[in-house]
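And the structure:
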């Protein structure tokens with residue numbers, strides 16, 4: 042431990058004291074040494090001038106000294122064979138001093154020493170007792186009294202990984218306030234060496250970890266992150282709260298695709314593909330971690346709601362519809378069973394045995410528990426939300442214990458909601474939590490947390506693997522800028538993507554070539570320098586005879602001249618029946634590399650923003666899974682007289698397309714718009730491929 | 042008080058005891074009498090056998106006796122001149138016994154007695170001391186100890202109106218837990234007489250009420266509700282949480298309009314038009330009530346964020362973007378001022394003086410307060426969120442008191458967020474609340490609550506008034522079903538809505554009439570029994586000559602015959618340049634009456650669901666206000682080469698259209714689809730008007 046001083050409020054001293062205490066309590070097995078060349082002792086503990094002066098080579102070095110002293114310390118430690126260091130202090134890359142950080146990184150890498158940080162809270166490991174957290178657990182009020190300012194984390198099975206140390210601790214605090222413990226908290230700080238991906242990989246294989254909870258601000262290598270997440274998710278659930286949603290990556294919008302997609306949307310797509318559960322807010326990160334820890338795995342989305350208060354039941358039913366859960370009425374069998382069970386009881390005549398099952402305020406704890414037992418046993422429900430409002434006269438504290446027993450025995454995914462802000466509400470809530478039943482203070486939060494059970498079941502099946510598909514890479518002879526139509530056609534053909542029958546007319550004298558297609562044809566200006574052909578009059582449809590074709594040719598020559606663009610001739614295509622017009626686009630995201638977008642094509646593309654996004658490559662199966670339930674999928678399903686599109690074939694085209702940019706690193710952006718889907722063909726009617734500059 | 046018995050756990054006894062206590066404390070000025078023909082005394086209090094036996098005629102009668110005894114009690118009270126009654130007991134319309142309820146209503150109405158309930162918690166009035174709440178404030182744990190199960194409401198200025206008594210009390214409890222009081226809680230129960238609208242009207246004019254907070258399940262008369270809300274909102278903010286979002290009113294979908302619109306969407310439109318603030322959840326109802334109570338009125342949406350922790354600042358910035366607030370960078374002037382103020386201080390060199398202004402964990406309370414003072418004074422911000430994370434070493438308890446002073450003096454709309462779940466976090470939060478600064482435990486909730494200040498400023502301008510526009514009503518000669526094309530044209534013309542030039546051809550021999558329009562024309566089958574003409578081939582566009590027109594005519598005759606529908610002939614219209622295709626629809630909602638919908642037309646109408654909804658009538662100005670920022674408005678703004686539509690003219694057409702169904706009660710549904718907007722005309726190309734059945 043470097044940076045221990047006489048001032049007990051200094052970071053180094055706080056950390057040293059914590060570690061010594063853990064050692065005394067027997068939580069920490071390893072000895073703790075203080076390093077400080079200026080002192081012989083810190084309190085009762087000896088102080089060593091350097092790494093070399095220590096009685097043994099430590100496994101871990103925790104550094105809380107100013108930036109200027111760190112490099113020499115790291116050098117000495119790396120040489121001495123220290124395996125790992127935690128650099129708490131800031132003042133590096135985050136304020137522009139990246140060079141010092143890189144130098145430290147080089148030294149450590151040379152000797153195989155791993156570094157966590159700098160600029161981090163470091164970590165607390167509830168199993169080994171290593172604890173570099175330095176936020177004060179108590180503070181003094183003006184009247185001199187001492188109050189808790191930061192709850193100590195409890196020992197448990199949620200691994201909290203955070204790019205903001207402070208928020209990681211607050212997640213653990215909120216869990217602790219609900220009686221839930223953490224496996225560890227790890228703040229990755231500037232990620233000089235150890236990254237979020239590394240830590241995810243570690244906890245994926247850790248037997249004390251059951252849920253991984255991640256607070257994410259940004260990534261350097263998005264694809265490695267996806268691989269780490271996908272591997273972890275096969276073994277345990279992982280929930281991510283991504284912050285920094287509004288920043289749009291700087292990127293030249295050469296295609297509609299590029300102007301459509303924001304950086305956060307790519308993150309969302311990547312998280313979904315890798316099988317992470319996305320939390321939409323700070324509180325939800327905590328809620329979903331609790332829920333994933335406590336609920337059994339469940340595939341179905343059919344929810345039953347049992348309550349003794351109509352209002353909270355109605356709120357829950359609304360939220361269930363929002364969250365995509367099914368709230369189907371109680372079946373006659375269950376209804377009859379409940380009626381028989383309580384024949385003659387007054388509450389039953391006023392109860393509403395639908396879904397929600399509202400037993401009214403007159404029900405007793407025992408009657409509610411018995412009803413839950415009946416409903417939980419029904420095979421037509423996968424999820425159950427119980428809202429035992431304690432305000433009702435018949436509802437007592439013991440309802441939590443009795444319900445917990447029934448819930449545990451049922452084996453179903455069941456959550457409870459105790460609404461209200463009183464001591465009794467909190468006691469009942471904590472009783473549920475202590476029995477391993479996830480409890481939430483509002484119906485909305487409870488429903489969202491329940492929905493995560495089938496979400497994780499589906500996420501486990503996500504099969505992100507960037508390594509599966511690789512074709513030969515083309516060089517395009519070192520060209521840059523827009524790729525010529527001929528080469529685009531060759532490229533698409535090699536991936537099995539069809540275009541309409543067409544000819545290219547470079548000179549007016551070649552116009553007779555059009556006979557090979559047959560009139561009418563669609564004529565398009567070929568000029569890589571003219572991006573939006575339609576707006577400039579560079580597209581003429583339904584050209585019925587050679588004279589009209591010639592007029593179009595002459596007009597195109599004039600447009601290219603006016604725009605000071607190269608004239609590559611005229612593309613004449615067979616007229617394609619326009620039924621469903623889609624857009625298939627590809628671009629490179631700075632974090633995740635090649636991505637693919639499948640959306641509605643035509644003039645409303647950017648306006649309506651109906652599209653699916655994925656990190657490339659995707660398999661046809663994955664594309665199909667993503668399409669389910671989307672508005673886009675409805676457009677493909679023979680909507681209002683249009684043809685029913687072969688979704689399977691379309692997903693194959695999207696999959697092939699997604700491989701192009703993975704295979705060909707020199708392509709910067711590409712777009713098929715419109716991709717026209719007819720009764721029996723899928724045709725790239727207009728295409729655009731941009732090569733990388735430089 | 043009727044229903045007081047020897048059992049202290051009976052509703053009547055609980056209420057009686059509460060009232061007696063309020064009387065003893067001096068909160069309640071009026072005397073309290075117990076009614077019970079079976080007893081002479083209840084404890085120390087005399088018990089009267091009937092209303093007539095009381096020493097004086099009471100102003101208010103609270104009834105907690107079973108349903109069977111209520112009618113005679115109401116009769117006696119009404120005759121004796123009692124002005125109002127609260128019927129606590131349930132067992133009426135909510136379980137199908139509507140007839141008893143109606144009978145009671147008749148008796149009361151005859152004598153001018155008002156009734157609250159039945160099936161309600163009744164009310165607590167924190168000013169007069171009338172209190173019929175009966176939920177137990179404490180319960181007994183198994184170990185015999187007594188804990189608070191329902192916090193008593195505090196006295197304050199939020200009027201809570203609720204259709205679920207339980208949730209009304211929980212709102213008040215949550216407010217009390219945050220140190221915020223209520224003016225009253227009123228549960229309207231079955232609304233035999235006094236409705237939510239009545240109670241809103243009451244608190245609108247009440248000088249002790251500053252915010253009206255409504256939990257709403259359903260309404261009988263939507264238009265009266267809107268009028269009550271609109272009148273209230275001019276004087277004070279009103280926030281509504283609407284539950285029962287998923288129920289779709291039973292309604293025949295004769296038009297796209299009817300199949301598009303759900304009941305909850307009409308509620309949303311009505312709330313917006315009337316100027317209510319909509320809370321999206323239970324917690325938000327509480328948060329927005331607090332925020333509307335404490336924040337000054339602010340028109341602008343420009344938010345500054347000041348924090349000492351990067352993570353919470355980033356979360357707040359994300360949420361601000363979601364909520365439609367502007368987060369623009371700190372201007373140079375402010376930045377220079379802060380730098381000068383803290384010249385030489387270590388924290389400044391690491392601070393990020395953008396927006397969020399992140400002063401880092403090294404900042405002290407005083408430095409943070411001074412920075413907030415500078416930022417709050419900047420005219421370029423309307424709203425300010427301060428996140429003074431108390432976990433940082435320099436942040437002490439007194440930050441709340443110091444910040445509160447600066448915030449109050451600034452006069453700006455400023456909220457605070459203290460994240461964390463510890464005693465200190467709660468103390469700081471409560472210190473803010475006690476000083477009248479709205480505080481929230483997560484950045485997301487704080488941002489949403491701040492956004493409500495400009496939302497209310499805009500809502501105050503909402504001008505719902507159903508009485509302004511009324512034209513002459515048409516009888517349509519008592520017809521039902523689809524209205525004939527000729528009559529539709531006459532109707533639209535009288536409201537100034539244009540159609541393309543057209544002729545109706547009833548017999549093949551009249552086909553020469555088409556010359557008056559000039560070829561090409563669009564030909565449409567006229568057959569009221571064929572709803573989706575396009576799908577069945579009943580529309581032929583671009584008919585270029587008389588021969589083609591004749592072919593279309595013959596084809597239409599065949600389609601009508603095949604569908605067994607009446608053949609009214611063929612409509613031939615001038616071909617209209619199709620630029621922007623809209624849909625303008627009208628229907629009757631069971632709760633709110635005539636509504637109007639303006640959306641994207643064409644085949645994707647139902648798929649994309651891009652539309653605006655309003656309760657009819659709307660003024661052109663209101664239509665324009667609603668369009669701002671909507672996707673639909675972008676489509677009108679000359680999107681990608683299409684014509685720039687005259688939005689002003691379109692809003693006039695929508696306003697005129699909205700009047701048609703208000704003026705003509707015999708129209709059930711109507712639709713202009715497409716309503717084609719060209720460079721200089723707005724034309725109803727296809728129209729459909731359905732008259733009411735029976």
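Chains as they are written, first to last, in our numbering: chain A, 42 to 735; chain B, 42 to 735.
C-beta atoms are modelled at their ideal positions from N, C-alpha and C, and glycine is treated no differently.
Predicted model only: the values in this text are computed from it and were never measured.
For the C-beta of residue 667 of chain A, not a single chain B residue is nearer than 7 Å; the gap to the nearest is close to 18 Å.
Those residues of the stretch 349 to 372 of chain B placed with their C-beta closer than 9 Å to a C-beta in chain A are 350, 351, 352, 353, 355, 356, 358, 359, 360, 361, 362, 363, 368, ordered along the chain. The beta-carbon separation of residue 562 of chain A and residue 601 of chain A, rounded to 19 Å, does not stay under the 8 Å limit for a contact. Interface annotation, residue 598 of chain B: not in contact with chain A, CB-CB separation never under 8 Å.
Of all residues in the stretch 420 to 436 of chain B, only 430, 431, 432, 433, 434, 436 come within less than 9 Å of chain A when Cβ atoms are compared, listed by chain position. The residues 564, 581, 584, 611, in chain order, have a CB closer than 8 Å to that of residue 593 of chain A in the same chain once the five nearest residues on each side in sequence are set aside. Counting every other CB atom within 10 Å of its CB across the protein chains shown gives residue 183 of chain B a total below 16, marking it as exposed.
For residue 54 of chain A, the enclosing alpha helix (DSSP H) begins and ends at 52 to 66.
Rounded to the nearest angstrom, the Cβ distance from residue 701 of chain A to residue 524 of chain A is 11 Å, too far for a contact under 8 Å. The way I'd put it, the stretch 96 to 111 of chain A does touch the stretch 55 to 74 of chain A; three or more beta-carbon pairs between them come closer than 8 Å.
The beta strand (DSSP E) runs lying completely inside the stretch 64 to 89 of chain B and spanning 3 residues or more are 86 to 89, given in chain order. With a cutoff of 8 Å on beta-carbon distance, residue 339 of chain A and residue 229 of chain A are scored as not near each other. With its beta carbon at least 8 Å from every one in chain A, residue 383 of chain B lies outside the interface. Excluding residues up to 5 positions away in sequence, 328 lie with their Cβ nearer than 6 Å to the Cβ of residue 486 of chain B in the same chain.
Within the stretch 259 to 346 of chain A, complete beta strand (DSSP E) segments of at least 3 residues are found at 279 to 283, 318 to 320, given in chain order. Measuring C-alpha to C-alpha distances from residue 712 of chain B to each of B:720, B:130, B:732, B:416 identifies B:732 as the nearest. Within chain A, the residues placing a beta-carbon under 7 Å from that of residue 324 of chain B are 483, ordered along the chain. Counting along the chain, residue 714 of chain A sits inside the beta strand (DSSP E) bounded by residues 708 to 718. The criterion of a C-beta distance shorter than 8 Å is not satisfied by residue 468 of chain A and residue 462 of chain B. Taking CB atoms only, residue 172 of chain B has no neighbour in chain A less than 8 Å away. A distance below 6 Å between beta-carbons, with the five flanking residues on each side excluded, links residue 545 of chain A to the following residues of its chain, in chain order: 610, 612.
The three-state reading of DSSP puts residue 383 of chain B in coil, since its state is none of H, G, I, E or B. According to the DSSP assignment, residue 635 of chain B belongs to the beta strand (DSSP E) that extends over 634 to 641.
Residue 470 of chain B counts as buried, since no fewer than 16 other beta carbons sit within 10 angstroms of its beta carbon.
Interface residue (Cβ-Cβ distance to chain B less than 8 Å): residue 380 of chain A is not classified as such. When the alpha-carbon of residue 626 of chain B is set against those of B:640, B:634, B:618, B:365, the nearest one is in B:640.
In terms of CA proximity to residue 303 of chain A, A:285 leads the group A:285, A:318, A:320, A:315. Secondary structure of residue 348 of chain A (DSSP, three-state): strand. Considering only beta carbons, the part of the stretch 441 to 474 of chain B lying closer than 7 Å to chain A consists of 460, 461, 462, 463, 464, 465, 468, in chain order.
Taking a beta-carbon distance threshold of 8 Å, residue 86 of chain A does not count as an interface residue toward chain B. Burial check for residue 77 of chain B: the Cβ neighbour count within 10 Å reaches 16 or more, so the residue is buried. Here DSSP, grouped into helix, strand and coil, assigns residue 445 of chain A to helix.
Per DSSP, reduced to three states, the secondary structure at residue 695 of chain A is helical. The residue from B:89, B:607, B:125, B:209 with its alpha-carbon nearest to that of residue 330 of chain B is B:209.
As the crow flies, the alpha-carbon of residue 638 of chain B is around 32 Å from that of residue 235 of chain B.
Nearest CB-CB separation between residue 439 of chain B and chain A: below the 8 Å threshold.
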